[in-house]
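Worksheet: one structure, shown below.
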Amino acid sequence: MSDFNLSIDELAEAIGGKIIGSDDYNCGYSFSGKFDFLAHAKRGDIVIRHKINGKGIEIAKANEAAAIITQNPLENALENAEQLNFPVIVVEKIEIANSFAIKWVFDHFDKDSKRVAITGTNGKSTTSHMIYHIIKNSGAHVLTNTDARSEFNTLIDPMVSKMIYEEVEENGPLDYAVIEVSEVQGWLDHVMRDHAYLMTSAINPDVGIITNVTMDHIGLVNSIDDVLRETSGLARGLKKGTLILNKDDVNVSQIKPNDGVNRIFFSMDKDNATHNVVFDTDNEVVLVDNVEILTIDDLPFKTNHFIQNTLAAIAGTLSLGVPLSVVVDGVKTYRPLKRRFVKLNEHPEIYDDFAHNPDGIKSTVYAGYKLLSDKGHLWIVNAIRGSRGETLNGLNADALVEVITRIHDEDGRKVNLVLSSSEDVVDHLNIVKDSEREIFLSKLDDADIEYTHFEHLKDALVNVLNNADVNDTILLLGAQGMDPAEKILKNMM
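When we follow this note's numbering, the leftmost residue of the sequence shown carries the number 34, and every step to the right adds one.
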């Protein structure tokens, strides 16, 4: 590790901040080199916090933190800073501070690791986690910020930088870092413009992956062009190595790399096989530069959208220099993240998936339909998204209409749709508003799609289990409103 020689003036200038209170670090403490949360900060650490009040200043002072960086000083925060002679750096954009923290930690704690950054509307968590597994399975020291809920992939707080230095301090230098990057991020209804660009630039990865671009985060962005602009920030921030793109996504495939950056694709079309990673749907094999490396029976997922994630992970690990034999073994031994088309039960088959935006809903429902037995029927249990606005819920309902209509046209078997507002399991941040429920149901009514709606998730699950046949397939879809479903089912079955 390097000597942490960074003055408060240099820090303030780097993040575009103004110093209030002391013009030096608190009590002359030396900067520890670490950026942290208020509750965890120790002597010499710098706290990064989106907003803070006077009490927070007192806590930081008592914890002997070196300074605080904040975007929103509240109440008497600045007055307390002056009275306590405690340095507060006020910035216009907290994401600039957190991106600086990531770059600082990589430069001073982990400068020699190989890195990959992954973004996209859907599939980034699975792709990231699979890359992590493949590398870890080889015996290398690797870190990822990915978890089942994708909570640690932003510049809202210093979590990513904290994860890196804690891992290095505990287990030594990293060989690889696999960092998931939120494609669109914001605070309340304010988008953090250029989030993916800032985070990628801070990571300085050797490989960048963009899985796809579809509508999500309505309110922060309002068009597919907005989503594309934000997501393609990863490509703008990638200054070396290889950019990996989804050839089958018309928007993503057109993204250009920076000068000196190689570009390759993954695809479900074997005609794109040369120099790329593809799945040959006719022969059901994975090809790398036209050479077969895996069959469909080797893959952890058999549905198209998850096969795409596997292709992206293969391309990513190979681009990092991981040997092909290691990649093949890693794919064969991979086990999915929680709530990524995970099979919870056999008779009837129950699959649990995090699908929570239009494209995710359509691809997951159709994948479930393709798994139906000859005698089975499809049940969809969908949690309406709470406090995400009428627009997104309207688009999600439209997605259900589209995919259910497609199934009806192809097959004729009834699709049983059960909806839940999940009032019994969500917190106050995820309550379904009346207007959200009304727009969702009205879209289904207008399209003559039959459904049953329950306010409580448990009631919805009881209804389905009481009525589904052992030959049926049940899909559990949604974000926070469906997260507790597995636990509820275990108590019922």
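In this text, a Cβ means the ideal position worked out from N, Cα and C, and glycines have one as well. Just so we're clear, the structure is a prediction, and the values are computed from it rather than from any experiment.
By a beta-carbon distance limit of 8 Å, I79 does not contact T103. Their separation comes to about 11 Å. Taking a contact to require three or more Cβ pairs closer than 8 Å, the region 142–156 and the region 110–127 do not qualify as touching. In the DSSP assignment, I85 falls within the beta strand (DSSP E) that extends over I79 to I85. In its chain, beyond the 5 residues on either side, I417, G419 and S454 have a beta carbon closer than 6 Å to the beta carbon of V465. Three or more Cβ pairs drawn from the region 512–526 and the region 437–455 lie within less than 8 Å of each other, which places the two stretches in contact.
Here Q341 carries a helix assignment [DSSP, helix/strand/coil]. The bridge partners DSSP lists for G241 are A150 and L276. The beta carbon of I168 sits closer than 6 Å to those of V175 and Y209, all from its chain and outside the five residues before and after it, given in chain order. When DSSP states are grouped into helix, strand and coil, L522 belongs to the helix group. With respect to the 8 Å criterion, V319 and I347 are classified as neighbours on the basis of their beta carbons. For T160, the secondary structure class from DSSP, reduced to helix, strand or coil, is helix. Each residue's CA atom was taken as its position, placing I243 and A95 some 44 Å apart.
Between Y62 and A98, the alpha-carbon positions lie close to 8 Å from each other.
Bridge partners of E382 according to DSSP: T506. Within its own chain, the residues whose Cβ lies closer than 8 Å to the Cβ of G349, once the five positions on either side in sequence are excluded, are V149, I151, T160, I164, V240, I242 and I277, listed in chain order.
If you draw a straight line from the Cα of H389 to the Cα of K157, it comes to about 14 Å.
Residue burial annotation: A268 is buried, with at least 16 other C-beta atoms found within 10 angstroms of its C-beta. The DSSP-derived three-state label of T328 is strand. In the structure shown, S63 adopts coil according to DSSP, grouped into three states.
Boundaries of the beta strand (DSSP E) around F298: N295 to S300. With respect to K303, V310 sits apart: the two C-beta atoms are not nearer than 8 Å. CA-to-CA, the gap between E519 and L450 works out to about 19 Å. A306 and V414 have their alpha carbons spaced roughly 38 Å apart. Distances from the alpha-carbon of T247 to those of I236, V260 and P238 put V260 closest.
In the DSSP assignment, the residues bridged to K51 are V123. The three-state secondary structure of Q513, taken from DSSP, is coil. Out of S171, A134, D505 and L404, the CA that lies nearest to the CA of F70 is found in A134. In the three-state scheme derived from DSSP, where H, G and I count as helix and E and B as strand, A235 is classed as helix. With 16 or more neighbouring CB atoms inside 10 Å of its own CB, K476 falls in the buried class. DSSP places I101 inside the beta strand (DSSP E), whose first and last residues are A100 to P106.
By the neighbour-count criterion, in which 16 or more other beta carbons inside 10 Å mark a residue as buried, P206 falls on the exposed side. By DSSP's assignment, A416 forms a beta bridge with S453. Bounds of any alpha helix (DSSP H) do not take in V175; it lies within the beta strand (DSSP E) bounded by V175 to T177. Taking S171 as the centre and dropping the five residues before and after it, the same chain places the C-beta of V359 closer than 6 Å to its C-beta, in chain order. If you look at T438, you'll find it in the alpha helix (DSSP H) that goes E423 to E443.
Per DSSP, reduced to three states, the secondary structure at V448 is strand.
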